[in-house]
Ligand code: SF4
Ligand code: SF4
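Numbering (the working numbering), first residue to last: -5 to 172.
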């Protein structure tokens, strides 16, 4: 008898829930007519950002490439006369990318960033291979003020050794010799 009462109660609860939702206004979001604003930290299309001076942030250190679990980032490094390193070419195969965000986590210069732009589908799979010119943007993305060379301790056009933010003058390593 108790079991029968329990079953009827469960049935009534279920039906009550069904009736409650029958008369609710639908909340279906009709994509693509309606596009929800996604959070800034959404992991989708990748960009290569610039520092506040408008110069490329990427120093072609290969860290993003090394950490990528599906090996979809490749590049070739080079250095300018002023000491700044850069990638002569930089390629991401979005057909392989799983948008894990590890490349962004690993990047020491805040160059590579994932954005909320997710509408990148293509019928031709080769169009999902993005070159540097497709990835490079003229702003700092989520990290607008950061400039790697102002903290790196490397002598470049941004400053000599000891002239960067929160940096002491270099010590003379021979100064304490007898
Ligand atoms: S988001 Fe993940 S899979 Fe995509 S390029 Fe970065 S590390 Fe590789
Ligand atoms: S995007 Fe960042 S991690 Fe990748 S090579 Fe450039 S500086 Fe290094």
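We put the CB at the ideal spot given by N, CA and C, even for glycine.
Backbone CA spacing between residue 84 and residue 147 [nearest angstrom]: 25 Å
Do residue 97 and residue 58 have their beta-carbon atoms positioned less than 8 Å apart in this structure? yes
In terms of residue numbering, what span does the alpha helix (DSSP H) encompassing residue 10 cover? -4 to 16
At a cut of 8 Å, does the region 60 to 68 reach the region 30 to 37 through at least three beta carbon pairs? no
With DSSP as the reference, identify every bridge partner of residue 87, one or two as the case may be. 123
With a threshold of 7 Å (Cβ to nearest heavy atom), would residue 86 be considered close to ligand 2? no
Can you name, in chain order, every residue of its own chain whose Cβ lies under 8 Å from the Cβ of residue 80, other than the five neighbours on each side? 50, 52, 53, 54, 71, 72, 73, 74
Boundaries (first-last residue) of the beta strand (DSSP E) holding residue 72: 67 to 73
Any non-hydrogen atom of ligand 1 within 7 Å of residue 119 CB: no
Could you tell me if residue 101 is buried or exposed, where buried requires 16 or more neighbouring beta carbons within 10 angstroms of its beta carbon? buried
Quick check: does the Cβ of residue 42 come within less than 7 Å of any heavy atom belonging to ligand 1? no
Residues that residue 153 bridges to, as DSSP identifies them: 150
I'd like the list of long-range same chain contacts for residue -4, defined as Cβ closer than 8 Å, with 5 residues on each side in sequence excluded. none
Residue 100 in three-state terms, based on DSSP: helix
According to DSSP, is residue 174 helix, strand or coil? This structure cannot speak to residue 174, because the chain is shown only from -5 to 172.
Roughly how many angstroms lie between the CA atoms of residue 157 and residue 145, to the nearest whole one? 9 Å
Assuming residue 122 contacts residue 116 (C-beta within less than 8 Å), just tell me the rounded distance between them. 5 Å
Tell me whether the beta-carbon of residue 23 lies closer than 8 Å to the beta-carbon of residue 30. yes
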